[in-house]
Amino acid sequence: MICENGVLPIMPLTKMFSVITASSNKITVTRLQLPVTLAYAFTDYRSQAQTINHCIVDLATPPTGKLTPFNAYVALSRSHSRHSIRLLRDFDERLFTHHPSEHLRMEDEQINKLDHRMKKKWEEHATGHV
0 MICENGVLPI MPLTKMFSVI TASSNKITVT RLQLPVTLAY AFTDYRSQAQ TINHCIVDLA
60 TPPTGKLTPF NAYVALSRSH SRHSIRLLRD FDERLFTHHP SEHLRMEDEQ INKLDHRMKK
120 KWEEHATGHV
């Protein structure tokens with residue numbers, strides 16, 4: 000049950016169990032505890048070169064800074080398979096549909112043009128039509 004503003008309330012749970020002491024006395028214990036699971040978190044930078052058996056990935060835009068497709072790739076490629084990775088919450092789809100850097104896009108375009116020109120010159124040279 001998620002409440003307003005994406006807040007998930009965590010309510011304490013009461014559990015009762017019995018313990019037998021060394022002197023064979025039975026003691027009933029009532030425990031009040033928050034139902035949380037221990038977890039370990041780290042950044043995509045820290046996770047590089049690691050393979051993680053099961054992981055939960057958060058691709059939401061951080062409060063400060065920004066997330067790039069490069070960060071997302073590192074985070075999403077840490078698990079053994081798609082069956083052992085889960086996304087924590089929704090993310091901005093533009094992360095994968097928009098180019099991460101206009102400068103990089105222009106540089107890639109320039110390299111592709113040079114590659115095309117070089118292939119054309121090589122083909123002309125190889126066929127003797129210079």
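Numbering (numbering that gives the first Met the number 0), first residue to last: 0 to 129. Every residue, glycine too, gets a C-beta built ideally from N, C-alpha and C. Bear in mind that the values here come from a model prediction, so they are computed numbers and not experimental data.
Residue pairing by DSSP puts R85 in a beta bridge opposite I55. T126 and L113 have their alpha carbons spaced roughly 20 Å apart.
The C-alpha of T13 lies about 32 Å from the C-alpha of S83. When secondary structure is reduced to three states using DSSP, Q32 falls in the strand class. In this structure, D89 and N70 do not form a Cβ contact; the two beta carbons are roughly 17 Å apart against a cut-off of 8 Å.
DSSP lists V18 as the beta-bridge partner residues of I26.
DSSP places S46 within a helical segment (H, G or I) once states are collapsed to three.
Proximity to T29 across T36, R45, P11, L37 peaks at P11, based on C-alpha coordinates. Going by C-alpha positions, E108 is about 53 Å away from P34. Here DSSP, grouped into helix, strand and coil, assigns L12 to strand. In its chain, beyond the 5 residues on either side, I26 have a beta carbon closer than 7 Å to the beta carbon of T20.
In the DSSP annotation of this structure, the continuous segment of the alpha helix (DSSP H) that includes H115 starts and ends at 101–126. A direct Cα-to-Cα measurement between P99 and F41 gives close to 23 Å.
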